[in-house]
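Residue numbers (mature numbering (1 follows the signal peptide of the UniProt record, and there is no 0)): -24 to -1, 1 to 109.
C-beta atoms are modelled at their ideal positions from N, C-alpha and C, and glycine is treated no differently.
Keep in mind the model is a prediction, meaning the values are calculated, not measured.
Encoded as structure tokens, the structure appears first; notes follow it.
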């Protein structure tokens, strides 16, 4: 009986020692990547080729090694979309050029995978004389 009581006491002590509020390691938490989605300013005319850019950073450093940067274009309230892979230029900038054939409001989403993280910032752009009501 004393032997089993001693075993229970040791297990309880081990359990309490293993429950600690201190972090398991002192390693720094890695900062999240940030994507600044840069779209053309003002209304875009149909058939006009315009640039789209994603500037990728992590903390103060530029991300030059993203595994994937794609731009997704979807006409508002539509299910169909188009994705275009961006090319890395410099200073953490990834860029494409695109022309729109159909007027309307488009949702532009940048899909960025870098350093084990995936972010998807989204903005809207007006094409043609289309005015959202």
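Using three-state DSSP, classify residue i as helix, strand or coil.
{"i": "residue 19", "result": "coil"}
{"i": "residue 7", "result": "coil"}
{"i": "residue 68", "result": "coil"}
{"i": "residue 54", "result": "coil"}
{"i": "residue 34", "result": "strand"}
{"i": "residue 92", "result": "coil"}
{"i": "residue 97", "result": "coil"}
{"i": "residue 104", "result": "coil"}
{"i": "residue 41", "result": "coil"}
{"i": "residue 28", "result": "strand"}
Between residue i and residue j, how many whole angstroms is the CB-CB distance? I'm expecting something under 8 Å.
{"i": "residue 30", "j": "residue 62", "result": "6 Å"}
{"i": "residue 86", "j": "residue 47", "result": "6 Å"}
{"i": "residue 42", "j": "residue 32", "result": "6 Å"}
{"i": "residue 103", "j": "residue 17", "result": "Contact flag wrong, Cβ pair sits at about 13 Å."}
Would you kindly work out how many angstroms separate the C-alpha atoms of residue i and residue j, rounded to a whole number?
{"i": "residue 36", "j": "residue 60", "result": "27 Å"}
{"i": "residue 54", "j": "residue 19", "result": "20 Å"}
{"i": "residue 52", "j": "residue 80", "result": "7 Å"}
{"i": "residue 6", "j": "residue 24", "result": "41 Å"}
{"i": "residue 38", "j": "residue 44", "result": "15 Å"}
{"i": "residue 13", "j": "residue 105", "result": "23 Å"}
Sorted by chain position, which residues of the same chain lie with C-beta nearer than 7 Å to residue i's C-beta, five sequence neighbours on each side aside?
{"i": "residue 95", "result": "9, 11, 88"}
{"i": "residue 69", "result": "29, 31"}
{"i": "residue 15", "result": "28, 84, 99, 101"}
{"i": "residue 2", "result": "Residue placement at residue 2 is flagged as unreliable, the pLDDT there being 49, under the threshold of 50; the coordinate-derived value follows with that caveat. Here the set comprises nothing."}
Excluding five sequence neighbours on each side, which residues of the same chain lie with their C-beta closer than 6 Å to the C-beta of residue i?
{"i": "residue 72", "result": "28, 47, 60, 62"}
{"i": "residue 65", "result": "71"}
Quick one: residues in its chain with C-beta nearer than 8 Å to the C-beta of residue i, no 5 flanking neighbours on either side, listed in chain order?
{"i": "residue 93", "result": "8, 9"}
{"i": "residue 57", "result": "48, 49, 50"}
Answer yes or no: do residue i and residue j have a C-beta to C-beta separation smaller than 7 Å?
{"i": "residue 77", "j": "residue 98", "result": "no"}
Please determine whether the Cβ atom of residue i lies at a distance below 6 Å from any heavy atom of the ligand COA.
{"i": "residue 19", "result": "For the structure depicted, the ligand COA is absent and the ligand set is empty, with no information on it obtainable."}
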